[in-house]
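A short worksheet on the structure shown next.
Numbering (the UniProt record's numbering), first residue to last: 1 to 717.
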């Protein structure tokens, strides 16, 4: 299960999966196609016996006293198996009542909701009107679970009303829902008099927040099940003499499913951790916006990847599609979560849950706080040297250059140094991080300290003409001579080479060896005889990229990094450091969601869909930070690495393009008349981000093969 990180949550997820497997829940979902969806499933009472209905409720009302993090783990498991029945609406109703209802209403309904003997439903559509005397009129449409509910929790403007289906003026009409696993209906109210205690003033926002968090958790499970089913199928289904999973188009579909799901996981995890529902409004809107899209896309692609068999009545794929589209419609009814994302951003509510650090963080915070104070007191010319000497410039590096800071200390340092414009080592940094990991003691002593102090710069000499993203397609050749090597060849797309003293280069030193085995990594001085650098002008007009030519350049043995023939291992380490640096923030553009909101607010004639599109960008921007935070949470919990790091670099590059694309649209003709270079320049520049550091297409192949286990293309050697 994806949401669980801590051992306790993993154990809960395992229990949930085992319980649902014993209950043959997915088969129960299939049986609802025959019209049995109005009956409670056979596993309902056993589920109640586990205490799941009251997991999040206070003990005095029959609950277990846990919270949303635990409930979302269970909901993910239920969504994964497409569990039939009104579990989601029941726990959502009880969460709203536990938060917003007076004691008398809680005492009336929470015990039954907590033990599963009472069913709840929540209506969020905007069709109800509540007058000042408590008279309720109108219709709440598409209420999941309403035909079975004993209590209805309905949004009416800014308030929430609690009604019973049988009371005067309240009627429920059952509809033939697309999703047969749950009942759905309309609640019509004709002048019902609602007692004051059952009018929860100002509770609509909390109700929507609870629903969005919980429905997102369920969607995570359903989408993940679609991904697992699809990838399992394409690994074994053969066409044209090989598994269809070897085809790049199929790999990209699967990788895109994983990316969408991981974004939803991060956003849902964040929203569920909120200490109180009021502070979770923005996070819940982000989670719901991701969830609705991810679940629908995963369900659709699951059918597509299964081909004809996925279109059959007997296959489960259409059940997940029915569930996904129903949830998406209910989520979007009345309140577009992406519009709420924009409004929350304007109101200064664009934040996620706080991250609770262990007790050891206090010591790190005292040390980092003292370092910040000392840094600020120094003359500007001495500040960088202090950062280097104290290890705070690169705290995650091993000593003596860094502090060997673990995840907790790194998070504390990031917080304490916020607002300080620290040097960004960029390419020079990740190249020398590799040297610190695999270089000789003499190389480390000679190269790293000048780099940290800003005295030398390095470039990365990997790409060659015609090689594209294949970093192992090395034709630059090294010939053994007395005391070293003579290197001849060409590199291309080398960033910032004109401003660098050194370059780290892949060189083929054994042409008889296999493609990856015959490569040696060498550090080459760029002022050496035989080195020529020619700048390449980019679409921005700048010349960041370069061609670098080597004509019989001598490289001493002391400048071979990692040993002869070990160059591919060193290259992979460097590329890994590069992707972590890019995903973690190095190379970010200055044009952000904040600028988009300013453009939106300054464009009164912007089309109605523009706010929705800006909301997508803001949600994605927030979730990119959450992916990094989940990596940290995994490390703190000792949970091992997850897929977040592989996803972040790819999403970040494409996000940068999407944000500038939309910026150009919002600005309109001024963008193409030289009037807003702050928009047009980043738009042009970001075209390179889905190419540099590995193209997005190759990154998707990598995700599909290394994370999802799809087979490699047999034509690739």
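All C-beta atoms in this analysis are idealised placements derived from N, C-alpha and C, irrespective of residue type, glycine included.
- The Cβ-Cβ distance between residue 387 and residue 471 does not fall below 8 Å.
- Distance between residue 414 and residue 406, taken at the CA atoms: about 12 Å.
- Residue pairing by DSSP puts residue 140 in a beta bridge opposite 187.
- When the beta-carbon positions are compared, residue 249 and residue 267 stay at least 8 Å from each other.
- Within a 10 Å sphere around the beta-carbon of residue 508 sit 16 or more other beta-carbons, which makes this residue buried.
- If you keep only unbroken beta strand (DSSP E) runs of at least 3 residues inside the segment 519–566, you get 519–525, 531–536, 545–556.
- Between residue 221 and residue 137, the C-beta spacing is not below 8 Å.
- Rounded to the nearest angstrom, the gap between the Cα atoms of residue 710 and residue 246 is 7 Å.
- Segment contact: the segment 558–574 against the segment 496–515, three or more CB-CB distances shorter than 8 Å; contact assigned.
- For a cut-off of 8 Å, the C-beta gap from residue 626 to residue 610 is around 25 Å, too long to register as a contact.
- Distance from the Cα of residue 263 is smallest, within the candidate group 243, 292, 50, 195, for 292.
- Following the DSSP letters along the chain, one finds residue 504 inside the beta strand (DSSP E) bounded by residues 502–508.
- For residue 522 against residue 496, the beta-carbon gap comes to about 19 Å, at or over 8 Å, which does not count as contact.
- Residue burial is scored here from C-beta neighbours: residue 144 has at least 16 other C-beta atoms within 10 angstroms and is therefore classed as buried.
- Using a Cβ distance threshold of 8 Å, residue 234 and residue 615 do not count as a contacting pair.
- Less than 8 Å separates the beta-carbon of residue 679 from that of residue 663.
- By the neighbour-count definition (other C-beta atoms within 10 Å, threshold 16), residue 551 is an exposed residue.
- For residue 129, there is no enclosing alpha helix (DSSP H); the residue is part of the beta strand (DSSP E) that begins and ends at 128–130.
- In the three-state scheme derived from DSSP, where H, G and I count as helix and E and B as strand, residue 243 is classed as strand.
- In this structure, DSSP gives residue 486 an extended state, which the three-state scheme calls strand.
- Beta-bridge annotation (DSSP): residue 329 is not paired with any residue.
- The three-state secondary structure of residue 493, taken from DSSP, is coil.
- Counted as a single uninterrupted DSSP element, the alpha helix (DSSP H) harbouring residue 49 occupies residues 44–49.
- Secondary structure note for residue 458: its beta strand (DSSP E) is the uninterrupted segment 458–461.
- In this structure, the beta-carbon distance from residue 170 to residue 160 does not fall below 8 Å.
- By the neighbour-count criterion, in which 16 or more other beta carbons inside 10 Å mark a residue as buried, residue 81 falls on the buried side.
- Using a 10 angstroms sphere on the CB of residue 89, the tally of other CB atoms reaches 16 or more, which defines it as buried.
- Beta-bridge annotation (DSSP): residue 199 is paired with 161.
- Contact check for residue 701 and residue 251: beta-carbon distance about 5 Å, within the 8 Å limit, so the pair qualifies.
- Excluding sequence positions up to five before and after residue 204, its CB lies within less than 8 Å of the CB of 155, 156, 157, 158, 159, 160, all in the same chain and listed in chain order.
- By the criterion of at least three beta-carbon pairs nearer than 8 Å, the segment 19–27 is in contact with the segment 69–83.
- In the structure shown, residue 479 falls within a strand segment according to DSSP collapsed to helix, strand and coil.
- Assignment of beta-bridge partners to residue 92 by DSSP yields no partner.
- C-alpha of residue 457 to C-alpha of residue 349: approximately 41 Å in a straight line.
- Between residue 651 and residue 259 a beta carbon distance of about 6 Å is seen, short of the 8 Å cut, so the two are scored as contacting.
- Counting of Cβ neighbours within 10 angstroms places residue 53 among the buried residues, the total reaching 16 or more.
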